[in-house]
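Everything on this sheet refers to the single structure shown next.
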Amino acid sequence: MEDRNSLTFKGYLKVMSVMHLVFCIGILLFTIFLYLQQESWTFTFPINSPSIVIVPLIAIIGIYLSNYVFKKKIEPILYKKSLKQKLGVYQSALIYKFAFVEGSAFVCLVFALSNSNLFYLTITGFIIIYFITLRPTKDKIEHQLQLKGEQKEQFKREDDVIS
């Protein structure tokens, strides 16, 4: 196992990708498990229930908050830190982002299970699809951290130790 102080960018990206994969597998398996636990499901729009507004609102708020918190954590380090510090903050910001999105998916799952309604499960499915698109890639990291000059060059050298 690599020493955290001598992590290369290739290793960093691998860690981030595995972390994203674990989050994805977790929510997918939990969704499948809950789906199989229910004996019967219906797909209805609960027009007379406040949950028809609450559940989509929770999904939207979860996604909005994930992006808001991510940007707020990233902003302070965009122009003044080393690449190593930027990547450390990026990793923690991404964990927050994943947590908000996954949290909203779990809340939607609770509504789906308690009402046996596939409408809520469908919303959860859309959240999972969105979550899959959050997979960290080299291009996304470079863009989100606004890497320029020496940091961008160091970033492109995948096998060099991050400093």
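FYI, in this note's numbering the residues of the sequence shown are 259 to 421. Yeah, the Cβ is synthetic: ideal placement off N, Cα and C, and Gly gets one too. This structure is a prediction, so every number in the text was calculated from the model and none was measured.
With respect to the 9 Å criterion, F301 and T380 are classified as neighbours on the basis of their beta carbons. By the CB criterion at 9 Å, R393 and F267 fall outside the cutoff. In the DSSP secondary-structure assignment, T266 is bridged to V419.
A residue is called buried once 16 or more other Cβ atoms fall within 10 Å of its Cβ, and K344 is buried on that count. The beta carbon of K355 sits closer than 6 Å to those of S324, F328, all from its chain and outside the five residues before and after it, given in chain order. DSSP lists T300 as the beta-bridge partner residues of N375. The Cβ atoms of I321 and Y388 sit closer than 9 Å to each other. Contact annotation: the stretch 355-370 does not touch the stretch 334-341, with fewer than three C-beta pairs closer than 8 Å. The C-alpha of V311 is placed about 9 Å away from the C-alpha of I305.
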